[in-house]
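A.B. asks:
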Amino acid sequence: MLIFEKSRAGRGCQILPPCDVPEILPEEREQRQQPLHLPALSEGDLSRHYTELAKKSHGVNDGFYPLGSCTMKYNPKIDEEAAALPGFTEIHPLQPAHTVQGCLEVLKTAESLLCQITGMDRMTFQPAAGAHGEFTGLLLIKAYHVSRGDTARTKILVPDSAHGTNPASAAMAGYKVVSIPSGPDGCVDLEKLREAAGDDVAGLMLTNPNTVGLFDKNILEITEIVHQCGGLCYYDGANLNAVMGQARPGDMGFDVVHLNLHKTFATPHGGGGPGSGPVDCKALLAPFLPSLLVEGESELSFRKPEQSVGEVKSFYGNFLVVVKALAYIWTLGREGIPEASANAVLNANYLMAKLKPWYPMAYDGICMHEFVMTLAELKKETGVSAMDIAKGLLDWGIHPPTMYFPLIVEEALMVEPTETESRETLDQAAEAFHSLYQAAKTKPESLHAAPVTTPVTRLDEVEAARHPHLRYSFEG
Amino acid sequence: MGSYVPNTVEERQEMLAAIGLSSMDDLFAEIPEQVRLRQGLDIPEGLSELEVRRNMEALAGKNKVFPTIFRGAGAYRHYIPALVKSVISKENLVTAYTPYQAEVSQGILQSIFEYQTMICDLTGMDVSNASVYDGASAAAEGIAMCRERKRNKALVSAAALPYAQEAIRTYCFGNNMELEVIPEKDGVTDLAWLREHLDASVAGVYLQHPNYYGNLEPAEEIAAAVHQAGAKLVMGVNPISLGILKTPREYGADIAVGEGQPLGLSLAFGGPYLGFMACVESLMRKLPGRIVGQTQDHNGKVGYVLTLQAREQHIRREKASSNICSNQALCALAAGVYLAAQLDAIGFRTENKGAFFHEFVTVSQVPAQTVLKRLEEENILGGLPLDEHRILWCCTERNTREEMDQVVRILKEVEASC
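First to last, the sequence lines map onto chains A and B.
At position 81 of the first sequence (counting the first as 1) the number is 1427 in the working numbering, and the numbers step up by one without a gap.
At position 218 of the second sequence (counting the first as 1) the number is 1308 in the working numbering, and the numbers step up by one without a gap.
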């Protein structure tokens, strides 16, 4: 039941004391005429409403969540407590610098640790999410070329296996996207890359390991080809969890990187936000960074980069998310960071080996932190699709893998277990996958109807898009 | 060292054996040796939970928490009901991803559907998205929505929040839209200038109401002029003010955006905040970000899904929940007017000519920094200095009459000693 349907006139919560100064109203012509329908509920009913909604949501805390490309690892509780300290939450962003030295030190320390992990020089925390970071990183590339009078570079190269946000961000930054095909091995086709690399190329966007879960072993050649033609290389950090502490984008030849603190650095996803997509770069791009940089040793202060591209949002980014990520990095430290990535890769390979007998893999060999299965054969044979298997997993209490991505793999399921899952969890998941495989073979119709144990069954998305019903109607 | 990896070293060996490898290092055989980080990261060793807590408490302790705040300028200290904190710490909601799997995400989807309804109700608009990063990025996205094939110019009021103006400028650098700033006159957008510059190339106009100085803009006249020129009006609004002030829709705006932070989010040194966006129905398919729609499942049961995904390209969203708007609006307005009147009486002249919401500007002979320093000694964060003699003040329901009288007393002393 919607909160509006529970509302009763006259109910409410006692939150504020009576106003202790004379009340006034704006002039009639400035007052709203339209009545307000904000719900009126007692505190108890309101609290119960959200508890009910929470019960109808599945988070990492509710069970295995192998959603490929999203790095759904455990969100440590100490990180949450750190970010809830009043010394962080009660600070106005426009307080004088000498009263926010702790906040500045958080930013400075996090910058230095993350730059060490990525092999970069400077960082901005202003972008609020991965896609926002991509947009910001591309603006740095654009500003760099413009500052050199090199305005003929209008194209960004993006492999066909890239995250969907890559081409979208390039378009927002005013670039034309050129798609580079992958070879049969799932890696960038070097010949095709060479053909596309010219003096109209502003840069390349690449995820490594890529979205099929493979480390592109030609990475040094790739970045070299792009640099040779005068372009810059952008690293999409969505998959950094596989290689942090093992290899660094900076050493691979990348010039600018965005990180997803809400993936790699264990801050919660919050049902879609808030995230944090800081962007770090080599020194040549640092003058163009947005927002303010923290400078100084004992007395810290903010400085605006001299050729800044400008602000991409208010203030200094999602500060509390940075606090959480810093607590996480402090906890893991120099041994814990590579331990996390190695175990993420181990868990992925362990689960992949278990599933291989039933679900063919899109690519051979050792995978990184995730792998992609193709259910094309299964579908042809039984009519059971990747979607059906995914929905079947819901009845096992498992959040499904990413479906139908990457686009270059037919009937794809992309599985990313992360390092915070135990062997038993992986074994149980394998059992669930096996059981679904058997069901596909023997009673495929049961999977078309899945899930059956969830609060609702499969929803009619076509109807939702055809006749958009996007808010409650108070007129009844 | 802390670690969140459950598998023991022995278990890892067994798992390696199961996949035919002998060491953890074998997992990374595909990485070229030239880029393998053999010497390890140059960062400190890991810490125990207690050490992390101590470090964090030490850092938080280096900040000054002002018990009394009269500063706004885009970030507002409102009272956050205890229930809000309880709701936003529910793990099923906090630790979930974007609700792609609707069957196990009905709670999140329904809360967004309810949020969309409330934003539409507050702004008077037809459609709301599930929110974007913050008010400034919402302003920039709003302007980008106005763009048409033959209209590529944006006009932005100089009386809008500086961060919103800046974000619009940055997004325009990205998508190659032209941008001009509409000058301010007497603390509001210069209507005469705007009328002269509204040509056929203008796609959208950005107006903030109440504006940066707290002033109410001649929004109706501006909307009429903008529409006459065939352009669209994006209005940035404070959601709390909508408890009493006319809605953007009533003023004639096409798109309403704003900073959702006053709706129950803490100051948090600037983030995370929340950007809301709503528009008239005809622009629905240009609205960015995620949108939740109502539909039915196979058994005819009502449910919610992410919808209209064809127009969506980005992964972005934050959310908040609160339902205490009009009450706060009245308190904030009353407190602002009270303080302004008191300060005006002692020589801190109120610059605002007409009606203002909960922010206002004073001009005084006494240097702003002298005033603010003196207030800081009394643990009061005064208004934001705009220049040497002008201060932008903000009041909310958090400010008691006693606090305001104290500020007036201190300022009187400062003035007397200058």
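Glycine included, each C-beta is placed from N, C-alpha and C at the ideal position.
Counting only beta-carbon atoms, is A:Ile-1735 nearer than 8 Å to chain B?
C.D. replies: So, not an interface residue.
A.B. asks: Over what stretch of residues does the beta strand (DSSP E) that includes A:Cys-1901 continue unbroken?
C.D. replies: An answer regarding residue 1901 of chain A cannot be provided, because it is not within the stretch 1347 to 1822 covered by chain A.
A.B. asks: So, does the CB of A:Met-1707 fall closer than 8 Å to a CB anywhere in chain B?
C.D. replies: Closer than 8 Å: no.
A.B. asks: Grouping DSSP H, G and I as helix and E and B as strand, with all else coil, what is A:Tyr-1674?
C.D. replies: If DSSP states are grouped into helix, strand and coil, A:Tyr-1674 belongs with the helices.
A.B. asks: Rounded to the nearest angstrom, what separates B:Lys-1409 and A:Thr-1788 at their Cα positions?
C.D. replies: Residue placement at B:Lys-1409 is flagged as unreliable, the pLDDT there being 36, under the threshold of 50; the coordinate-derived value follows with that caveat. About 44 Å.
A.B. asks: Between the Cα of B:Gly-1197 and those of B:His-1317, B:Val-1382 and B:Arg-1143, spot the shortest distance and give me the residue it belongs to.
C.D. replies: Comparing Cα-Cα distances from B:Gly-1197 to each of B:His-1317, B:Val-1382 and B:Arg-1143, the minimum goes to B:Val-1382.
A.B. asks: Using a Cβ-Cβ cutoff of 7 Å, what residues of the region 1460 to 1485 of chain B are near chain A? List them in chain order.
C.D. replies: So the list reads Leu-1471 and Leu-1474, given in the order they occur along the chain.
A.B. asks: For B:Pro-1096 and A:Arg-1769, I'd like the C-alpha separation in whole angstroms.
C.D. replies: Their backbone Cα atoms lie some 8 Å apart in a straight line.
A.B. asks: Return the bridge partner residues of B:Glu-1270 from the DSSP annotation.
C.D. replies: B:Leu-1245.
A.B. asks: Using the Cβ count rule (16 or more neighbours within 10 Å means buried), how would you classify A:Phe-1820?
C.D. replies: So A:Phe-1820 counts as exposed.
A.B. asks: Between the C-alpha atoms of A:Phe-1665 and B:Pro-1362, what's the straight-line distance to the nearest angstrom?
C.D. replies: If you take the alpha carbons of A:Phe-1665 and B:Pro-1362, they lie about 6 Å apart.
A.B. asks: Does any CB atom of chain A fall closer than 8 Å to the CB of B:Glu-1256?
C.D. replies: Closer than 8 Å to some Cβ of chain A, the Cβ of B:Glu-1256 qualifies, so yes.
A.B. asks: Just the Cα atoms here: how many angstroms apart are A:Ala-1732 and A:Thr-1766?
C.D. replies: So the two alpha carbons sit approximately 25 Å from each other.
A.B. asks: Count the other CB atoms, across all protein chains shown, that sit within 10 Å of the CB of B:Asn-1389; report buried if there are 16 or more and exposed otherwise.
C.D. replies: The residue is exposed, with fewer than 16 neighbouring Cβ atoms inside 10 Å.
A.B. asks: Taking three-plus beta-carbon pairs below 8 Å as touching, is the region 1577 to 1592 of chain A in contact with the region 1437 to 1446 of chain A?
C.D. replies: With a cut-off of 8 Å, the region 1437 to 1446 of chain A and the region 1577 to 1592 of chain A do not count as touching, because too few Cβ pairs lie within range.
A.B. asks: Does A:Pro-1372 have its Cβ less than 8 Å from a Cβ in chain B?
C.D. replies: Answer yes: the Cβ-Cβ gap between A:Pro-1372 and chain B drops below 8 Å somewhere.
A.B. asks: For the region 1462 to 1471 of chain A and the region 1622 to 1640 of chain A, state whether three or more C-beta atom pairs, one from each stretch, are separated by less than 8 Å.
C.D. replies: Counting Cβ pairs under 8 Å, three or more are found: they touch.
A.B. asks: Could you tell me if B:Gly-1140 is buried or exposed, where buried requires 16 or more neighbouring beta carbons within 10 angstroms of its beta carbon?
C.D. replies: Gly is not the amino acid found at residue 1140 of chain B; the sequence shown has Leu there. By the neighbour-count rule (16 or more Cβ atoms within 10 Å), B:Leu-1140 is not buried but exposed.
A.B. asks: So B:Gly-1164 contacts chain A; which residues on that side make the cut at Cβ distance below 7 Å?
C.D. replies: By Cβ distance, chain A contributes Ser-1660.
A.B. asks: Taking Cβ positions only, does B:His-1448 come closer than 8 Å to chain A?
C.D. replies: By this cut-off, B:His-1448 is not an interface position.
A.B. asks: Could you check which residue in A:Tyr-1490, A:Val-1808, A:Val-1452 and A:Leu-1392 has the C-alpha nearest to that of B:Glu-1204?
C.D. replies: Comparing Cα-Cα distances from B:Glu-1204 to each of A:Tyr-1490, A:Val-1808, A:Val-1452 and A:Leu-1392, the minimum goes to A:Leu-1392.
A.B. asks: Within a Cβ cutoff of 7 Å, which residues of the same chain sit near A:Leu-1485, ignoring the five residues on either side of it in sequence?
C.D. replies: Around A:Leu-1485: Ala-1519 and Val-1655.
A.B. asks: Would B:Cys-1415 be called buried (16 or more neighbouring beta carbons within 10 Å of its own) or exposed?
C.D. replies: Its pLDDT being 41, under 50, B:Cys-1415 is placed unreliably by the model, and nothing is read from it.
A.B. asks: With 8 Å set as the bound, which would you pick, yes or no: does the beta-carbon of B:Ala-1435 sit closer than that to a beta-carbon of chain A?
C.D. replies: Chain A contact via Cβ: absent.
A.B. asks: Measuring alpha carbon to alpha carbon, tell me which residue in A:Phe-1434, A:Ala-1584 and A:Leu-1503 is nearest A:Val-1558.
C.D. replies: The shortest C-alpha separation from A:Val-1558 is found at A:Ala-1584.
A.B. asks: With a threshold of 6 Å on Cβ separation, who are the neighbours of B:Met-1337 within its own chain once the five nearest residues in sequence on each side are excluded?
C.D. replies: Correcting the residue type first, residue 1337 of chain B is Thr in the shown sequence and not Met. If we look at B:Thr-1337 and ignore the five residues flanking it on each side, its Cβ neighbours are Thr-1213 and Gly-1214.
A.B. asks: Would B:Ile-1121 and A:Phe-1561 qualify as a contact pair, given that the criterion is a beta-carbon distance under 8 Å?
C.D. replies: Against a cut-off of 8 Å, the Cβ pair of A:Phe-1561 and B:Ile-1121 comes out as a contact.
A.B. asks: By the three-class DSSP mapping on this structure, what secondary structure does B:Glu-1408 have?
C.D. replies: Annotation note: pLDDT 31 at B:Glu-1408 (below 50); position unreliable, no value reported.
A.B. asks: Going by alpha carbons, who is nearest to B:Ala-1319 out of B:Pro-1329, B:Thr-1260, B:Arg-1285 and B:His-1299?
C.D. replies: Of the listed residues, the one whose Cα sits closest to B:Ala-1319 is B:Arg-1285.
A.B. asks: Classify A:Asn-1556 as helix, strand or coil using the three-state DSSP reduction.
C.D. replies: If DSSP states are grouped into helix, strand and coil, A:Asn-1556 belongs with coil.
A.B. asks: Only counting the same chain, and skipping five residues up and downstream in sequence, which positions put a Cβ closer than 7 Å to that of A:Pro-1609?
C.D. replies: Here residue 1609 of chain A turns out to be Lys, not Pro, going by the sequence shown. Correct list, in chain order: Cys-1416, Thr-1417, Ala-1584 and Asn-1587.
A.B. asks: Tell me which residue opens and which closes the beta strand (DSSP E) that A:Ser-1525 is part of.
C.D. replies: Start and end: 1522 to 1526.
A.B. asks: B:Gly-1354 touches chain A at which residues, Cβ-Cβ below 8 Å?
C.D. replies: Simply none; closest approach about 11 Å.
A.B. asks: With a Cβ-Cβ cutoff of 8 Å, do A:Met-1719 and A:Ala-1736 count as a contact?
C.D. replies: Going by C-beta atoms, A:Met-1719 is not nearer than 8 Å to A:Ala-1736.
A.B. asks: Let me check understanding here. Comparing Cα to Cα, which of A:Ile-1424, A:Leu-1382, A:Ile-1568 and A:Lys-1522 lies closest to A:Leu-1539?
C.D. replies: A:Leu-1539 has its Cα closest to that of A:Ile-1568, out of A:Ile-1424, A:Leu-1382, A:Ile-1568 and A:Lys-1522.
A.B. asks: For A:Lys-1609, which three-state DSSP category applies?
C.D. replies: Looking at A:Lys-1609 - three-state DSSP - the assignment turns out to be coil, as it is neither helix nor strand.
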